[in-house]
Amino acid sequence: MIFHGDLNDSAVVKLRKISVFEHEVVAMSVSKKPMVLVILDGYGYREDQQDNAIYSAKTPVMDALWAKRPHTLIDASGLEVGLPDRQMGNSEVGHVNLGAGRIVYQDLTRLDVEIKERTFFANPVLTAAVDKAVAAGKAVHIMGLMSPGGVHSHEDHIMAMVELAAERGAEKIYLHAFLDGRDTPPRSAEKTLATFEAKFAALGKGRIASLIGRYYAMDRDNRWDRVEQAYDLLTLAKGEFGPIPPSRVCRPPTPVTKTTNS
Numbered sequence: 000m001i002f003h004g005d006l007n008d009s010a011v012v013k014l015r016k017i018s019v020f021e022h023e024v025v026a027m028s029v030s031k032k033p034m035v036l037v038i039l040d041g042y043g044y045r046e047d048q049q050d051n052a053i054y055s056a057k058t059p060v061m062d063a064l065w066a067k068r069p070h071t072l073i074d075a076s077g078l079e080v081g082l083p084d085r086q087m088g089n090s091e092v093g094h095v096n097l098g099a100g101r102i103v104y105q106d107l108t109r110l111d112v113e114i115k116e117r118t119f120f121a122n123p124v125l126t127a128a129v130d131k132a133v134a135a136g137k138a139v140h141i142m143g144l145m146s147p148g149g150v151h152s153h154e155d156h157i158m159a160m161v162e163l164a165a166e167r168g169a170e171k172i173y174l175h176a177f178l179d180g181r182d183t184p185p186r187s188a189e190k191t192l193a194t195f196e197a198k199f200a201a202l203g204k205g206r207i208a209s210l211i212g213r214y215y216a217m218d219r220d221n222r223w224d225r226v227e228q229a230y231d232l233l234t235l236a237k238g239e240f241g242p243i244p245p246s247r248v249c250r251p252p253t254p255v256t257k258t259t260n261s
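Going by numbering that gives the first Met the number 0, the first residue of the sequence shown is number 0, and it counts up by one from there.
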């Protein structure tokens with residue numbers, strides 16, 4: 000949201016400077032009046048008033064700016080920011096597109112195109128790694144965040160990697176899945192796991208070798224007690240053994256409420 004002119008109204012906001020990797024405050028000098036670009040994380044616009052936290056909140060400063068200053072709305076998701084249609088945006092995508100003056104296509108979109116055009120399957124880095132394992136009679140291990148979330152990864156890309164390994168002659172394909180539950184609903188991995196199990200059955204080779212949540216495998220808070228569990232799982236096969244999918248990653252059944260006529 001961009002406002003032009005003086006910002007005389009007092010407001011408590013979190014200002015961020017925008018640079019290539021960190022996005023904080025940008026203050027740009029003009030001849031007479033400054034223009035400030037303020038990023039309010041999580042602040043959006045929706046006409047539907049139901050379950051609308053911003054509409055329900057008391058925001059006199061923002062209301063005054065909206066009424067008295069020139070303003071416009073910009074899209075922050077989907078095709079307008081270089082993502083697939085109807086794919087939700089995120090902070091990284093928004094920051095990359097802000098001020099670019101063009102649509103910046105994201106890795107998600109680029110990979111989708113490469114898979115569709117099959118240039119993905121000729122990527123020299125990927126093919127060299129698989130060919131080396133095949134030539135040595137070794138297994139191909141594939142790991143990553145496996146979900147349809149589309150923020151940090153997408154399960155379709157992992158599926159393409161499985162297909163690439165199989166096409167190049169890998170007989171032992173082991174998938175180490177980091178389950179989501181953050182960019183997807185909690186306990187929603189059952190469908191994804193079933194899809195990959197069906198793919199391995201169709202190929203006649205490969206299997207899901209391990210499961211762990213992103214809370215552990217993708218910790219960003221330098222908590223070794225979490226990362227250690229992922230490390231031990233992947234390098235020492237240290238963990239619980241059981242069927243795929245384990246019940247704890249499946250969505251529990253919806254309780255049925257019985258009513259009686261009085």
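A virtual CB, placed ideally from N, CA and C, is assigned to each residue, including glycine.
These figures come from a predicted structure and were not determined experimentally.
For this session: Out of 236, 121, 169 and 146, state which residue places its alpha-carbon closest to the alpha-carbon of residue 180.
Result: The count along the sequence shown starts at 1 and reaches residue 180 at position 181. Of 236, 121, 169 and 146, the residue nearest in Cα terms is 146.
For this session: Please list the segments of the beta strand (DSSP E) lying wholly inside the region 190–247, counting only runs of 3 or more residues, in order along the chain.
Result: 206–212
For this session: Starting from residue 70, follow the alpha helix (DSSP H) in both directions and report where the run begins and ends.
Result: Numbered from its first residue, the sequence shown carries residue 70 at position 71. Looking at the DSSP string, residue 70 is not in any alpha helix (DSSP H), and its letter there is neither H nor E.
For this session: Rank 237, 194 and 174 by C-alpha distance to the C-alpha of residue 207 and give the top, closest one.
Result: Within the sequence shown, residue 207 is the residue found at index 208, counting from 1. Nearest of 237, 194 and 174 to residue 207, Cα basis: 174.
Exercise. Between the region 121–132 and the region 77–87, do three or more beta carbon pairs fall short of 8 angstroms?
Worked result: As far as the Cβ criterion goes, the region 121–132 does not touch the region 77–87, which means the pair count is below three.
Exercise. Is the region 68–84 in contact with the region 123–140, if contact means three or more CB pairs nearer than 8 angstroms?
Worked result: no
Problem set entry | Buried versus exposed call for residue 96 [16 or more other C-beta atoms within 10 Å across all chains shown] | Numbered from its first residue, the sequence shown carries residue 96 at position 97. Buried is the call here.
For this session: Mind checking which residues open and close the beta strand (DSSP E) that includes residue 150?
Result: As a working mapping, residue 150 is identified with position 151 in the sequence shown. Run containing residue 150: none; DSSP gives neither H nor E here.
For this session: State the Cα-Cα distance for the pair residue 177 and residue 165, rounded to the nearest angstrom.
Result: The residue given as residue 177 occupies position 178 in the sequence shown. The residue given as residue 165 occupies position 166 in the sequence shown. C-alpha separation (whole angstroms): 21 angstroms.
For this session: Could you work out which residue in 205, 199, 103 and 243 is closest to residue 211 when comparing CA atoms only?
Result: Taking the first residue of the sequence shown as 1, we reach residue 211 at position 212. The option with the nearest alpha carbon to residue 211 is 243.
For this session: Could you tell me whether the region 152–162 touches the region 181–200, using the rule of 3 or more Cβ pairs below 8 angstroms?
Result: yes
Problem set entry | Reduced DSSP category for residue 25 - H, G, I as helix; E, B as strand; rest coil | As a position in the sequence shown, residue 25 is number 26, starting the count at 1. Reliability of the predicted coordinates at residue 25 is poor, the pLDDT of 48 falling under 50, and no value is obtained from them.
Exercise. If you draw a straight line from the alpha carbon of residue 188 to that of residue 227, how long is it in whole angstroms?
Worked result: Translated into positions along the sequence shown, residue 188 becomes position 189. Translated into positions along the sequence shown, residue 227 becomes position 228. Cα to Cα, residue 188 sits roughly 23 angstroms from residue 227.
For this session: Report the option in 60, 150 and 209 whose CA atom is closest to the CA atom of residue 192.
Result: Counting from 1 along the sequence shown, the entry for residue 192 is found at position 193. The shortest Cα separation from residue 192 among 60, 150 and 209 belongs to 209.
Exercise. What residues match up with residue 173 in a beta bridge as DSSP calls it?
Worked result: The residue you call residue 173 lines up with position 174 of the sequence shown. Answer by DSSP bridge pairing, in chain order: 140 and 206.
Exercise. In whole angstroms, what separates the C-alpha of residue 50 from that of residue 44?
Worked result: Mapped onto the sequence shown, residue 50 falls at position 51. Mapped onto the sequence shown, residue 44 falls at position 45. Cα to Cα, the separation comes out at about 12 angstroms.
Exercise. With residue 323 and residue 139 assumed to form a contact (beta carbons below 8 angstroms), what rounded beta-carbon distance in angstroms separates them?
Worked result: With the chain running from 0 to 261 in the structure shown, residue 323 is simply not present.
For this session: Could you tell me the boundaries of the alpha helix (DSSP H) in which residue 112 lies?
Result: As a working note, residue 112 is residue 113 in the sequence shown. Taken as a continuous stretch (DSSP letters only), the alpha helix (DSSP H) holding residue 112 covers 106–116.
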